[in-house]
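What follows is one structure encoded as structure tokens, with my remarks underneath.
There are 4 protein chains.
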Amino acid sequence: MAAPVMTADDIDRFLAAHFPQARGWTRITAIRDDEVDLALPFSADNLRPGGTLSGPTLMALADTAVYFLLLSRLGPVALAVTTSLTINFLRRPPPAELTATARLLKLGTRLAVGEVHIRSAVGDELVAQASVTYALPPPARAA
Amino acid sequence: MAAPVMTADDIDRFLAAHFPQARGWTRITAIRDDEVDLALPFSADNLRPGGTLSGPTLMALADTAVYFLLLSRLGPVALAVTTSLTINFLRRPPPAELTATARLLKLGTRLAVGEVHIRSAVGDELVAQASVTYALPPPARAA
Amino acid sequence: MAAPVMTADDIDRFLAAHFPQARGWTRITAIRDDEVDLALPFSADNLRPGGTLSGPTLMALADTAVYFLLLSRLGPVALAVTTSLTINFLRRPPPAELTATARLLKLGTRLAVGEVHIRSAVGDELVAQASVTYALPPPARAA
Amino acid sequence: MAAPVMTADDIDRFLAAHFPQARGWTRITAIRDDEVDLALPFSADNLRPGGTLSGPTLMALADTAVYFLLLSRLGPVALAVTTSLTINFLRRPPPAELTATARLLKLGTRLAVGEVHIRSAVGDELVAQASVTYALPPPARAA
Chain F
86 MAAPVMTADD
96 IDRFLAAHFP
106 QARGWTRITA
116 IRDDEVDLAL
126 PFSADNLRPG
136 GTLSGPTLMA
146 LADTAVYFLL
156 LSRLGPVALA
166 VTTSLTINFL
176 RRPPPAELTA
186 TARLLKLGTR
196 LAVGEVHIRS
206 AVGDELVAQA
216 SVTYALPPPA
226 RAA
Chain Z
86 MAAPVMTADD
96 IDRFLAAHFP
106 QARGWTRITA
116 IRDDEVDLAL
126 PFSADNLRPG
136 GTLSGPTLMA
146 LADTAVYFLL
156 LSRLGPVALA
166 VTTSLTINFL
176 RRPPPAELTA
186 TARLLKLGTR
196 LAVGEVHIRS
206 AVGDELVAQA
216 SVTYALPPPA
226 RAA
Chain P
86 MAAPVMTADD
96 IDRFLAAHFP
106 QARGWTRITA
116 IRDDEVDLAL
126 PFSADNLRPG
136 GTLSGPTLMA
146 LADTAVYFLL
156 LSRLGPVALA
166 VTTSLTINFL
176 RRPPPAELTA
186 TARLLKLGTR
196 LAVGEVHIRS
206 AVGDELVAQA
216 SVTYALPPPA
226 RAA
Chain B
86 MAAPVMTADD
96 IDRFLAAHFP
106 QARGWTRITA
116 IRDDEVDLAL
126 PFSADNLRPG
136 GTLSGPTLMA
146 LADTAVYFLL
156 LSRLGPVALA
166 VTTSLTINFL
176 RRPPPAELTA
186 TARLLKLGTR
196 LAVGEVHIRS
206 AVGDELVAQA
216 SVTYALPPPA
226 RAA
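Residue numbers (the numbering used here), protein chains in the order written: chain F, 86 to 228; chain Z, 86 to 228; chain P, 86 to 228; chain B, 86 to 228.
Have a look at this one:
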């Protein structure tokens, strides 16, 4: 695996310019060669009945974590698109911050696959596991 | 398959009482014996770079469609929880209303599985396909 | 959707020449514009404890059904490869013939996605549902 | 996570008695607290066009790896059944031995989820990644 080509600040500037809706709701806490760590601060907006964080919140976090991982490795590829996502919800996440670690499993010329583990700041067991596939458009890939 | 036990209005009242965050962003357009149709009106908040609707928007719609399908069949089961979801993004959805049809594949005592097909109001091809599994908690199931 | 370009006999001859291991264990019973029906005769080799057909048997059937669907639509593409498969096992299949219907959800230039419903000859409910993605290599696609 | 309750030899004896078809085609090489390593010796029967190992071979290996992981943790639960499996095929596996590592992500009272990483003896990159969910029947769970 090669080294990252964008820092957390680079990614934030890229989002500010091209994808403002994706900016600010999470916080990149680490970028390693083939992994990115992301924190999602607690928000009552993300709760569902029973007082746990909602499934769509975890799915959006998993998708975002792999997107940021690809940005960190490929540079600015605004048009990379998710082609599939599978998530297993393992434990009901209590109302607290979440952390996601996305790891690169494959970076091909046309497809990239990442694996995501999501934990709660409360307790150390996994709350969800996901795999996410992105298609890499030829021009963006070359950029 | 048995007949539905909740109408669209029943589901709306249930959401108003137990799950207000899930209310109002979609509109149930039909409930059949083992299917529910749902419409998601267009909102610019759901766009991503390139002007297409975002993946998390489609994932939330698929998850919601199966949840409403289970409500329509089981009655008020606030605590049914998603255990897994797989989505295939087939075509980039243009900025327009989406419609989702959720179909019940299995309704067991502990697990229920639904399949979701999502189309755009523009064009008639599928934009996404998903399968969603819910765990049915014993007390809620009996309710 | 366009019309099929290979018949069941064409596919059998293609398998005999290029993929003999995949030949003979299933039987194509129908090819429609965007669907293929496949039958898997009962074999005691496919049983697991409890007397039901094994998961790997159903997974191989789902993968094969989409492969034959792509052959029927694209012509001889020996090197199309599965990139991902998700299967939901819905009911334990009794020791009897299985039938699979694969339906084309997307046929792009690089990826194709099919959905598979598997039923038992005993009972009419679904025993499994799967989605399968294939990558289409440029030369094979053009062939 | 608790300690394993069955050794590789225990599992082999259990398979010999209850599930002879599942015996012998793989070899357990390690059992740790929450992981099992499995080797699949090369067999020309598992090849597909292009000289790579077939998808169904990898799917059967992933399913088996999680089944053995559950046996190692729960003891003899012959009737645990797979409820869903998702596999991502990352690189075409050359004609060589495969090794699978299954890791336990969740062990609930009703569902267990494992993650599987499959590598080839040739090269050290992943050839496939899978997640597998099993349902644990109440009596078997208690056994």
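Every residue, glycine too, gets a C-beta built ideally from N, C-alpha and C.
Keep in mind that this is a model prediction, so the values were computed, not measured.
Item, Value
"Can you name the start and end residues of the beta strand (DSSP E) that G199(B) belongs to?", "196-205"
"Could you tell me if D148(P) is buried or exposed, where buried requires 16 or more neighbouring beta carbons within 10 angstroms of its beta carbon?", "buried"
"For Q214(B), which beta-bridge partners are listed by DSSP?", "N173(B), H202(B)"
"Nearest CA to the CA of N131(P): which residue from I96(B), A107(B), L211(B)?", "A107(B)"
"Quick check on this structure: which residue in P178(Z), M144(Z), A220(Z) has the alpha carbon closest to the alpha carbon of R195(Z)?", "A220(Z)"
"So, is G140(B) buried or exposed, given that buried needs 16 or more other C-beta atoms within 10 angstroms?", "buried"
"Start and end of the alpha helix (DSSP H) containing R158(B)?", "140-159"
"Beta-carbon within less than 8 Å of V207(Z)'s beta-carbon, same chain only, minus the 5 sequence neighbours each way: which residues are those?", "P179, A181"
"List, in chain order, every chain P residue whose beta-carbon is nearer than 9 Å to that of R195(F).", "R195, L196, A220"
"Quick check on V207(P) - is its C-beta less than 8 Å from some C-beta in chain B?", "no"
"Per DSSP, which residues does E256(B) bridge with? Please list them.", "Chain B is shown only over 86 to 228; residue 256(B) falls outside these bounds and no answer can be derived."
"Between A197(P), N173(P), T218(P), L156(P), which has its C-alpha nearest F99(P)'s C-alpha?", "L156(P)"
"What would DSSP say about L164(Z), mapped onto helix, strand or coil?", "coil"
"Leaving out five residues before and five after E120(B) in sequence, what residues of the same chain have Cβ atoms less than 8 Å from its Cβ?", "L154, T186, A187, R188, L189"
"In the DSSP assignment, find the alpha helix (DSSP H) that holds F99(B) and state where it starts and stops.", "93-103"
"How big is the Cα-Cα spacing for A225(P) and I116(B)?", "Confidence at A225(P) is low in this model, with a pLDDT of 41, below 50, so the placement of that residue is unreliable and no value is reported for it."
"Please report the distance separating the alpha-carbon of D118(B) from that of T137(Z).", "46 Å"
"Any beta-carbon of chain B closer than 8 Å to the one on R77(F)?", "Shown here, chain F extends from 86 to 228; a query on residue 77(F) therefore has no answer."
"So, under 8 Å CB-CB, I172(Z) and A145(Z) are touching, yes? Tell me the CB distance rounded to an integer number of Å.", "Actually they are not in contact, since the Cβ atoms of I172(Z) and A145(Z) sit about 10 Å apart, beyond 8 Å."
"My output table needs one value for A115(B): the three-state DSSP class, helix, strand or coil.", "strand"
"Would you list the residues sitting across from A220(Z) in a DSSP beta bridge?", "V166(Z), L196(Z)"
"What does L211(Z) touch in chain P if you count any residue whose Cβ is under 8 Å from its own?", "L190, K191"
"Relative to the alpha-carbon of M91(Z), which residue among H202(Z), L125(Z), Y152(Z) has its alpha-carbon at the smallest distance?", "Y152(Z)"
"With a threshold of 16 other CB atoms inside 10 Å of the CB of T168(B), please say whether the residue is buried or exposed.", "buried"
"May I ask you to report which of helix, strand or coil DSSP gives G208(B)?", "coil"
"Does the Cβ of E200(F) have 16 or more other Cβ atoms within 10 Å, making it buried, or fewer, making it exposed?", "buried"
"How would you list, in chain order, the residues of chain B whose beta-carbon sits under 7 Å from the beta-carbon of P141(P)?", "P141, M144, A145, D148"
"Using the beta-carbon of each residue, which ones in chain F are nearer than 7 Å to T186(B)?", "Here the premise fails: no neighbours, minimum Cβ distance about 13 Å."
"Do you know how far the Cα of A129(B) is from the Cα of D209(P)?", "37 Å"
"Here's a check: name, in chain order, each residue in its chain whose Cβ is nearer than 8 Å to the Cβ of P105(F), leaving out the five neighbours to either side.", "none"
"Would you report the Cα separation of G109(F) and L175(B), rounded to the nearest angstrom?", "32 Å"
"Would a check of beta-carbon distances place S157(F) closer than 8 Å to chain P?", "no"
"Can you have a look at T184(Z) and say buried or exposed, based on whether 16 or more other CB atoms are within 10 angstroms of its CB?", "buried"
"Is the Cβ of T171(F) closer than 8 Å to any Cβ of chain B?", "yes"
"Report yes if the C-beta distance between L125(F) and T111(F) is below 8 Å; otherwise report no.", "yes"
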